[in-house]
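**Q** One line per chain: the protein sequences are U and F, in this order.
Each step along the first sequence adds one to the number in the numbering used here, with nothing skipped, and position 2 is 2.
Each step along the second sequence adds one to the number in the numbering used here, with nothing skipped, and position 78 is 129.
Here a beta-carbon is modelled for each residue, glycine too, at the ideal position from N, C-alpha and C.
Remember, it's a predicted structure, so these values are computed and weren't measured experimentally.
So that we are looking at the same thing, I have put the structure below in structure tokens.
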Amino acid sequence: MMTALFVLAFLTMLAICFGNRKVVFLLSLATLTAGIFWFNHHITDPLKLNF
Amino acid sequence: MLLTTGICIPLIGAYWIQFVEGEFPCPLCLLQRLAMLGVAIGAMMNLRFGVRTSHYAVTIFSAIFGAAVSARQILLHIAPGNPNGPGYGSPVFGWHLYTWGLLIFMATIGVVGLMMLYEKHFDLSTPASPRPMSKPVMAVCALVIFLTAANIFTTFLMCGLAPCPDSPEQYLLLSNV
Numbered sequence: 001m002m003t004a005l006f007v008l009a010f011l012t013m014l015a016i017c018f019g020n021r022k023v024v025f026l027l028s029l030a031t032l033t034a035g036i037f038w039f040n041h042h043i044t045d046p047l048k049l050n051f
Numbered sequence: 052m053l054l055t056t057g058i059c060i061p062l063i064g065a066y067w068i069q070f071v072e073g074e075f076p077c078p079l080c081l082l083q084r085l086a087m088l089g090v091a092i093g094a095m096m097n098l099r100f101g102v103r104t105s106h107y108a109v110t111i112f113s114a115i116f117g118a119a120v121s122a123r124q125i126l127l128h129i130a131p132g133n134p135n136g137p138g139y140g141s142p143v144f145g146w147h148l149y150t151w152g153l154l155i156f157m158a159t160i161g162v163v164g165l166m167m168l169y170e171k172h173f174d175l176s177t178p179a180s181p182r183p184m185s186k187p188v189m190a191v192c193a194l195v196i197f198l199t200a201a202n203i204f205t206t207f208l209m210c211g212l213a214p215c216p217d218s219p220e221q222y223l224l225l226s227n228v
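So, in structure tokens, the structure goes:
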């Protein structure tokens with residue numbers, strides 16, 4: 001669900017505040033990946049496009 | 052600092068549209084808000100750990116994702132004679148929010164490109180470690196974190212634990228109370 005995406009972004013920002021750079025990169029990658037996956041699964045896939 | 056502050060403007064504007072104009076964000080709109088927060092994350096990393104190309108990469112990847120979502124939403128509504136009405140939401144200064152979103156994301160990529168031309172502000176002699184932030188920087192970061200928390204709250208109110216409706220018209224959790 002979409003709220004979880006924002007929660008991931010929030011956790012990333014908390015990691016920035018705590019100063020843990022590796023965790024920040026991991027969480028920002030997770031946030032972006034989750035966003036791309038959500039976009040693909042809910043928007044692009046249902047269209048059944050033929051590239 | 053400028054990038055972090057600048058990206059707060061459309062995020063605050065989106066809330067103005069949501070609460071003052073009463074227009075709810077669709078799932079694609081929420082994804083664009085998320086992408087803007089991703090842009091802010093890269094900029095905040097520069098403020099916290101020092102300027103690095105890897106931090107700019109986070110901003111650029113988020114902006115590319117946001118641009119893709121904005122473009123998708125533009126293509127959904129751009130054809131005239133749409134039975135659902137012209138576009139999604141009311142236009143602001145003649146363009147819909149998702150069109151402004153595409154412009155903002157492309158401008159972000161351009162601005163980051165320009166900033167990366169200026170090599171002097173990449174101080175690679177010092178390691179990328181947490182450094183103290185000044186009060187204005189802390190205030191801007193606090194604003195971004197507040198906007199993220201607000202998005203968690205309002206998205207949860209609007210959608211609950213279910214997938215968000217394509218054209219939301221109410222806060223689902225409040226309507227069930």
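(1) Ala179/F touches chain U at which residues, Cβ-Cβ below 7 Å?
(2) Leaving aside the five residues before and after Leu88/F along the sequence, list all residues of the same chain whose C-beta is less than 6 Å from its C-beta, in chain order.
(3) Within 8 Å (strictly less), CB to CB, does Pro202/F reach chain U?
(4) Who are the neighbours of Pro214/F on chain U, taking C-beta pairs under 9 Å?
(5) So the candidates are Glu220/F, Pro214/F, Ala193/F, Ser218/F; which of them puts its Cα closest to the Cα of Leu14/U?
(6) Have a look at Arg99/F, Thr104/F, Gly117/F and flag the residue whose alpha-carbon is nearest the alpha-carbon of Phe18/U.
(7) Should the segment 67–76 of chain F be called in touch with the segment 100–109 of chain F, which here means at least 3 C-beta pairs below 8 Å?
(8) In the DSSP assignment, what residue or residues form a beta bridge with Val143/F?
(9) Can the beta-carbon of Ala86/F be found less than 8 Å from the beta-carbon of Phe156/F?
(10) For Phe37/U, go through chain F and note every residue whose CB falls closer than 7 Å to its CB, in chain order.
(11) Using a Cβ-Cβ distance cut-off of 8 Å, determine whether Pro78/F contacts chain U.
**A** Looking at the atomic coordinates:
(1) Under the 7 Å cutoff, chain U gives Arg21.
(2) Thr199, listed in sequence order.
(3) Going by the sequence as given, residue 202/F is Asn instead of Pro. Residue contact check for Asn202/F against chain U: a CB pair falls below 8 Å.
(4) Listed along chain U, the residues sitting closer than 9 Å to Pro214/F by beta-carbon distance are Met1, Met2, His42.
(5) Here the closest residue by C-alpha is Ala193/F.
(6) Just measuring C-alpha positions, the residue of Arg99/F, Thr104/F, Gly117/F sitting nearest Phe18/U is Arg99/F.
(7) No, the segment 67–76 of chain F is not in contact with the segment 100–109 of chain F.
(8) Looking at the DSSP output, Val143/F sits in a beta bridge with Trp146/F.
(9) Yes, Cβ-Cβ distance for Ala86/F and Phe156/F is below 8 Å.
(10) Chain F residues near Phe37/U: none, gap ~11 Å exceeds 7 Å.
(11) Answer yes: the Cβ-Cβ gap between Pro78/F and chain U drops below 8 Å somewhere.
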